[in-house]
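What follows is a set of notes on a single structure, which appears directly below.
In my numbering, the protein residues as written are 1341 to 1462.
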């Protein structure tokens, strides 16, 4: 598993929501995740007394996988990151085998604010 890096600019829309989850769309999706096809991304992060942490959940379309015949049409990848000396260091994907194959995006994310480059506050 290689470390990935996220710029302050990419982290900004996540940290603006003070630990509450957001759905990332368009240019708000970190560059290292943009090549994942048919995926939705949810993230949250906090900046507390100089320590910043970010978590990202990626839900990918798995309808072409054998598990889809059992109703598991998505798979979930988890990413975790912290602020390092030159930006955010992101590690992942991690797999929780109890939740990696799933039938739907969890209910607690259903009313999550969607952010894109048009609704980032300065």
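We put the CB at the ideal spot given by N, CA and C, even for glycine.
Straight-line Cα distance separating residue j from residue i
i	j	result
residue 1405	residue 1417	15 Å
residue 1349	residue 1357	14 Å
residue 1378	residue 1424	30 Å
residue 1426	residue 1410	44 Å
Among the options, nearest to residue i - alpha-carbon criterion
i	options	result
residue 1398	1350, 1435, 1352, 1448	1435
residue 1454	1342, 1413, 1369, 1341	1369
residue 1393	1402, 1378, 1352, 1413	1352
residue 1414	1390, 1442, 1420, 1367	1442
Check whether residue i and residue j have beta carbons under 7 Å apart
i	j	result
residue 1364	residue 1383	yes
residue 1431	residue 1375	no
residue 1428	residue 1341	no
Reduced DSSP secondary structure (H/G/I, E/B, other) of residue i
i	result
residue 1447	helix
residue 1360	coil
Any non-hydrogen atom of the ligand PLP closer than 6 Å to residue i Cβ
i	result
residue 1435	This structure does not include the ligand PLP; it has no bound ligands of any sort.
Ignoring anything shorter than 4 residues or poking outside the segment 1373 to 1424, list the alpha helix (DSSP H) runs there in chain order. none
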